[in-house]
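Participant: Same order as they appear, the protein sequences are chains W and C. In terms of the numbering used here, the first sequence is residues 7 to 135. In terms of the numbering used here, the second sequence is residues 51 to 184. Here a beta-carbon is modelled for each residue, glycine too, at the ideal position from N, C-alpha and C. One structure is given below, represented as structure tokens, and several questions about it will come after.
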Amino acid sequence: MDSSIVGRQFPPVGPYLVSAEKVREFATAIGWEYDSVPPTFPIVLAGASMNAFLDELGLELSLIVHGEQRFAYERPLADGDELTSTLTVASLRQIGGNDIIGTSTTFTDASGDLVCTATATLVHRGAAA
Amino acid sequence: MTLDLAAGDALEPQSYAVTRADLVRYAGASGDFNPIHWSDRTATAVGLPGVIAHGMFTMALAGRAVAAWTGGAPVVDFGGKFTNMVVVPDTDEGTTVTVAGTVKSVADGLVTLALEVTCDGQKVLGNPKAVVRA
Chain W
7 MDSSIVGRQF PPVGPYLVSA EKVREFATAI GWEYDSVPPT FPIVLAGASM
57 NAFLDELGLE LSLIVHGEQR FAYERPLADG DELTSTLTVA SLRQIGGNDI
107 IGTSTTFTDA SGDLVCTATA TLVHRGAAA
Chain C
51 MTLDLAAGDA LEPQSYAVTR ADLVRYAGAS GDFNPIHWSD RTATAVGLPG
101 VIAHGMFTMA LAGRAVAAWT GGAPVVDFGG KFTNMVVVPD TDEGTTVTVA
151 GTVKSVADGL VTLALEVTCD GQKVLGNPKA VVRA
């Protein structure tokens, strides 16, 4: 993979409505018993953003391993939030034929304010190494 | 809300059973339909010992433990590395993920927790950490 992708920002994805029904479905799946939105919920949106990124670069999902994930919140998510996610390639390292891709995805609300930043490390396993 | 937590406190470990049904439900709710999380055929074809849990499902369980310890306090920062797989056999019991935790610091209204997330005695998340507002 070419290091020129570092710093590249992909087109925003969204807006995505954080609906009470979707939050309840996600909460049920993880056994979450609180009224608040679970802290890992943004992965539902990050997935869409990440798939667009993988498509664009022609990377195959089955060769991608999730290395690290972190969420930093400016405020808790709430039902009714309309979030737009924007993925930026933060870093790229090559180790043993694998590409280690660092991404940073921002989630902004309808007023454009930053709500959450999700940073992820994706390992793209060298296919034809 | 004021939490009765002090630096150095060890938190009551939380254990969660994980079955194939849980993975199917999580796949649907999260939109991650990678077949390595539901098909033994696909999982073994790519060299895995069998169906494995979504890393984000394991992380979600760690988030549940944090909520249990802090009464659902708002999370400011949360994350970790995916260092080992959680293999989920096709049995009624499935497997068990255990989340232990220690209070690292309490300052400026923020509580920092260091977690230890294990399955079959092996750490499955690297350096998992949570910061909550309390």
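DSSP beta-bridge partners for G130 of chain C?
Facilitator: W:Q75
Participant: Relative to the C-alpha of A118 of chain C, which candidate in C:A79, C:G81, C:Q64 has its C-alpha closest?
Facilitator: C:Q64
Participant: In angstroms with no decimal places, state the Cα-to-Cα distance between A77 of chain C and T162 of chain C.
Facilitator: 30 Å
Participant: For A126 of chain W and D54 of chain C, I'd like the C-alpha separation in whole angstroms.
Facilitator: 32 Å
Participant: What whole-angstrom Cβ distance do V95 of chain W and G13 of chain W have, given they're in contact under 8 Å?
Facilitator: 7 Å
Participant: Once DSSP output is grouped into helix, strand and coil, what is the label at Y66 of chain C?
Facilitator: Per DSSP, reduced to three states, the secondary structure at Y66 of chain C is strand.
Participant: Just reading off the beta strand (DSSP E) that I11 of chain W is part of, what are its end residues?
Facilitator: Counting along the chain, I11 of chain W falls outside any beta strand (DSSP E), and DSSP gives it neither H nor E.
Participant: Looking at chain C, which residues of the region 14-35 of chain W have a Cβ within less than 9 Å of any of its Cβ atoms?
Facilitator: Residues K28, E31, F32, A33, T34, A35.
Participant: What is the residue span of the alpha helix (DSSP H) that F25 of chain C lies within?
Facilitator: Because chain C is modelled from 51 through 184, residue 25 of chain C falls outside the range shown and cannot be assessed.
Participant: When you compare the CB of F83 of chain C with every CB in chain W, is at least one pair closer than 7 Å?
Facilitator: no
Participant: 7 Å is my cut-off, CB to CB: does K164 of chain C come that close to chain W?
Facilitator: The residue you asked about is not Lys; residue 164 of chain C is Ala in the sequence shown. Against chain W, the CB of A164 of chain C has no partner CB under 7 Å away; the residue lies outside that interface.
Participant: When we look at the beta-carbon of E143 of chain C and count the other beta-carbons within 10 Å, is it buried (16 or more) or exposed?
Facilitator: exposed
Participant: Given this structure, state the Cα-to-Cα distance separating A135 of chain W from H72 of chain W, to the nearest angstrom.
Facilitator: Low confidence applies to A135 of chain W: its pLDDT is 41, below 50, so where it sits in the model is not reliable, and the reading given next is rough at best. A135 of chain W and H72 of chain W: Cα-Cα distance of roughly 20 Å.
Participant: Residues of chain W with a CB under 7 Å from the CB of R75 of chain C: which are they?
Facilitator: A35
Participant: Under 9 Å Cβ-Cβ, which residues of chain W neighbour L160 of chain C?
Facilitator: Result: empty, since nearest Cβ-Cβ is about 12 Å, beyond 9 Å.
Participant: Which residues, in order along the region 144-156 of chain C, keep a beta-carbon less than 7 Å from a beta-carbon of chain W?
Facilitator: Per Cβ criterion, the list is empty.
Participant: Express the C-alpha separation of Y22 of chain W and L63 of chain W in angstroms, rounding to a whole number.
Facilitator: 23 Å
Participant: According to DSSP, which residues form a beta bridge with S97 of chain W?
Facilitator: W:G108
Participant: Using a beta-carbon distance cut-off of less than 7 Å, what residues from the region 114-125 of chain C approach chain W?
Facilitator: Listed by position along the chain: R114, A117, G122, P124, V125.
Participant: Can you list the residues of chain W that K131 of chain C reaches, using a CB-CB cut of under 7 Å?
Facilitator: G73, E74
Participant: Sort C:A60, C:L111, C:L98 by Cα distance to V137 of chain C and report the nearest one.
Facilitator: Looking at the Cα atoms, C:L98 is the closest of the given residues.
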